Amino acid sequence: MMSAPGTSEKEIWPLWEVFVRASRGISHTHVGSLHAPDAALAVRNARDLYTRRGEGVSIWVVPADAITTSDPDAKGAFFESPAGKNYRHASYYSKSEGVKHL
Amino acid sequence: MTTPAEPDALAADASLEVSADERQFNALIAADSRIEPRDWMPDAYRKTLVRQISQHANSEIIGMQPEANWITRAPSLKRKAILMAKVQDEAGHGLYLYSAAQTLGTTRDEMTDALIAGKARYSSIFNYPSPTWADMGAIGWLVDGAAICNQVPLCRASYGPYGRAMVRICKEESFHQRQGFEILLELMQGTPAQREMAQDAVNRWYWPALMMFGPPDDDSPNSAQSMAWNIKRFSNDELRQRFVGMCVPQAEVLGLTLPDPDLRWNDEKGAYDMGEIDWTEFHEVLAGRGPANARRLQRRREAHEEGRWVREAAAAYARKQAVRAQAVA
């Protein structure tokens, strides 16, 4: 199993994941990652690397090894609960077809 | 089947289990879906990607040099600002690509070390010198043009992080090509000496730009596998042909001649016929015997060594601050 990025002993600077809010009213979205010695420099590097053309109004940086992910080997079982539960979608209820404002 | 389980059957089960991963991988590729970092993938797929993405990243980093060469001598403040923005973009492209390669389990430092040790490759094009200002035009128009031609299909590469990096890169790359075209156009509207300088630069960069697409299809052993894996979408020769088709009308707008006496429209094929590329030159440059190989690596090595104290000091400062913060808490 390969280790998560950001935990390597071989790197002099740790890895950070970068999230950018493109404009007010939009959530921060993951845009990529970068190396930096600390959080303050990670934010500055993220500005230079990911917002050179006005792509954002706000930046989050998160140490890559602080992120916990779902078990990649169990993805089928882990996400199987919604299967067969299409009654959770509005499109399941077809008898109201043609009725306005519904 | 109701046959009782025997040792052989168990062994068969174990091999089936392995191939379940492979089946899943093959199904994703067949559906033209994407492979993500934590998915199972064949070792050869991972190796091919690490090689290709890190070579690509190295090219962006080494590619800063021919143009950085002209920042201090750009003919106007506007051109200087544009050139700095472009070189900064190349640095950014290198970083996006190194990040993509890291998701495959290699480290930034390993890739950097391989590059400065001369063990990793980068595009042969950056081993040519840039002696005149017109080279900034020819590099933007031809080299970035060829790069875009290569890179647009890579936005759909089957490995998710690579494709996403390429989308970002392609968006930024189009300014590079246009600014190069504009430099040449302005020179072509200038004095006879300026026009001559523009033509000379195009004469020197045209063939190496065509070599950027890689060896001809019948001499490109890895292409078929890369295409089967949906990493590569078009063959080297197809992309080269497409690029030449785009260059010819652009050269007419510029009033420049492409230095290929055999270049002519072939009605039957609906595409241009072109002259033979000097593949000996290509292989010589790849083998490290190009006009600027030693200089490029030397410069990269110096920059890395000269920056070492900064990297180490910043890491030491971060450690000290972290210890202090802990002591206070």
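Protein sequences, first through last, are from chains Z and S. Letter 10 of the first sequence, counting from 1, is numbered 10 in my numbering, and no numbers are missing. Letter 147 of the second sequence, counting from 1, is numbered 1147 in my numbering, and no numbers are missing. Glycine included, every Cβ here is placed at the ideal spot set by N, Cα and C. All values derive from a computational prediction rather than experimental measurement.
In three-state terms, what does DSSP make of Z/His35?
As a working mapping, residue 35 of chain Z is identified with position 35 in the first sequence. Strand at Z/His35.
Find out if the Cβ-Cβ distance for the pair S/Trp1207, S/Ile1139 is shorter than 9 Å.
The residue labelled residue 1207 of chain S in the question sits at position 207 within the second sequence. The residue labelled residue 1139 of chain S in the question sits at position 139 within the second sequence. S/Trp1207 is not a Cβ neighbour of S/Ile1139, given a cutoff of 9 Å.
Secondary structure, alpha helix (DSSP H): runs of 4+ residues fully inside the region 1130 to 1162 of chain S:
For the region 1130 to 1162 of chain S, whole alpha helix (DSSP H) runs of length 4 or above, ordered along the chain, are 1134 to 1138, 1144 to 1151.
Cβ-based neighbour list, S/Glu1060, same chain, cut-off 7 Å, excluding 5 preceding and 5 following:
As a position in the second sequence, residue 1060 of chain S is number 60, starting the count at 1. Around S/Glu1060, the same chain offers Glu1090, His1093, Gly1094, Leu1097 as residues with beta carbons nearer than 7 Å, after the five sequence neighbours per side are excluded.
Within 9 Å of any Cβ in chain S, is that where the Cβ of Z/Thr68 sits?
Your numbering for residue 68 of chain Z matches position 68 in the first sequence. Not flagged as an interface residue toward chain S: Z/Thr68, since no C-beta distance is shorter than 9 Å.
Let me see if you follow: with CB-CB separation under 9 Å, is S/Gly1245 close to chain Z or not?
On the second sequence, position 245 is the one that residue 1245 of chain S refers to. No, its Cβ sits nowhere closer than 9 Å to a Cβ of chain Z.
When S/Asp1278, S/Arg1051, S/Trp1279, S/Ala1303 are compared against S/Tyr1162, the one with the closest alpha-carbon:
Walking along the second sequence from the start, residue 1162 of chain S turns up at place 162. Residue nearest to S/Tyr1162 within the set S/Asp1278, S/Arg1051, S/Trp1279, S/Ala1303 is S/Arg1051 (criterion: CA-CA distance).
Mind pulling the chain S residues with CB within less than 7 Å of Z/Glu11?
Within the first sequence, numbered from 1, the residue matching residue 11 of chain Z stands at position 11. Thr1107, Arg1108, Asp1109, listed in chain order.
CA-CA distance, S/Met1136 and S/Leu1115?
To locate residue 1136 of chain S, count along the second sequence from 1; it is residue 136. To locate residue 1115 of chain S, count along the second sequence from 1; it is residue 115. Straight-line Cα distance between these residues: approximately 25 Å.
Report the neighbours of S/Glu1312 on chain Z: residues whose CB is nearer than 9 Å to its CB, in chain order.
Working through the second sequence from its first residue, we reach residue 1312 of chain S at position 312. Ile12, listed in chain order.
Distance, Cα to Cα, S/Pro1037 vs S/Tyr1045?
Your numbering for residue 1037 of chain S matches position 37 in the second sequence. Your numbering for residue 1045 of chain S matches position 45 in the second sequence. Answer to the nearest angstrom: the Cα atoms are 12 Å apart.
I'd like the span of the beta strand (DSSP E) that includes Z/Arg21, first residue to last.
On the first sequence, position 21 is the one that residue 21 of chain Z refers to. Per DSSP, Z/Arg21 belongs to the beta strand (DSSP E) from 15 to 21.
Would S/Gly1270 pass as a contact of S/Tyr1128 if the rule is Cβ separation under 9 Å?
Numbered from its first residue, the second sequence carries residue 1270 of chain S at position 270. Numbered from its first residue, the second sequence carries residue 1128 of chain S at position 128. It is not a contact, given that the beta carbons lie outside the stated cut-off.
List, in order along the chain, the chain Z residues whose C-beta lies closer than 9 Å to that of S/Gly1160?
What you label residue 1160 of chain S is simply residue 160 of the second sequence in a count that begins at 1. Within chain Z, no C-beta atom comes nearer than 9 Å to that of S/Gly1160; the closest sits roughly 12 Å away.
Starting from the beta carbon of S/Gly1092, find every residue of chain Z whose beta carbon is closer than 9 Å, and list them in chain order.
Here residue 1092 of chain S refers to the residue found at position 92 when the second sequence is read from its first residue. The answer, in chain order, is Asp48, Leu49, Tyr50, Arg52.
Residue interval of the beta strand (DSSP E) (run including S/Ala1287)
If you number the second sequence from 1, residue 1287 of chain S lands on position 287. Careful: S/Ala1287 lies outside any beta strand (DSSP E) and carries neither H nor E.
Taking S/Phe1181 and S/Gln1241 to be in contact with their CB atoms under 8 Å, please state how far apart those CB atoms are, rounded to whole angstroms.
Your numbering for residue 1181 of chain S matches position 181 in the second sequence. Your numbering for residue 1241 of chain S matches position 241 in the second sequence. No, S/Phe1181 and S/Gln1241 are not in contact; Cβ-Cβ is about 21 Å, not under 8 Å.
Under the three-state DSSP convention, the category Z/Met2 falls into
The count along the first sequence starts at 1 and reaches residue 2 of chain Z at position 2. Confidence at Z/Met2 is low in this model, with a pLDDT of 38, below 50, so the placement of that residue should be treated as unreliable; the coordinate-derived value is given next. DSSP places Z/Met2 in coil when its eight states are reduced to three.
Is there a Cβ from chain S that is less than 9 Å from the Cβ of Z/Ser23?
Here residue 23 of chain Z corresponds to residue number 23 of the first sequence, with the count starting at 1. Chain S, which has no Cβ nearer than 9 Å to the Cβ of Z/Ser23, makes this no.
Could you check the C-alpha separation between S/Asp1218 and Z/His28 for me, to the nearest Å?
Within the second sequence, numbered from 1, the residue matching residue 1218 of chain S stands at position 218. Within the first sequence, numbered from 1, the residue matching residue 28 of chain Z stands at position 28. A direct Cα-Cα distance of roughly 47 Å separates S/Asp1218 from Z/His28.
Please confirm whether Z/His28 has its beta-carbon closer than 9 Å to some beta-carbon of chain S.
Here the question's residue 28 of chain Z lines up with position 28 in the first sequence. Not one beta carbon of chain S lies nearer than 9 Å to the beta carbon of Z/His28.
Proximity test, Z/Arg53 beta-carbon vs the ligand ATP heavy atom, cut-off 8 Å
Among the ligands in the structure shown, none appear at all, so the ligand ATP cannot be discussed.
Please state if the CB of S/Gly1160 and the CB of S/Ile1071 are separated by a distance shorter than 9 Å.
As a working note, residue 1071 of chain S is residue 71 in the second sequence. As a working note, residue 1160 of chain S is residue 160 in the second sequence. Going by C-beta atoms, S/Ile1071 is not nearer than 9 Å to S/Gly1160.
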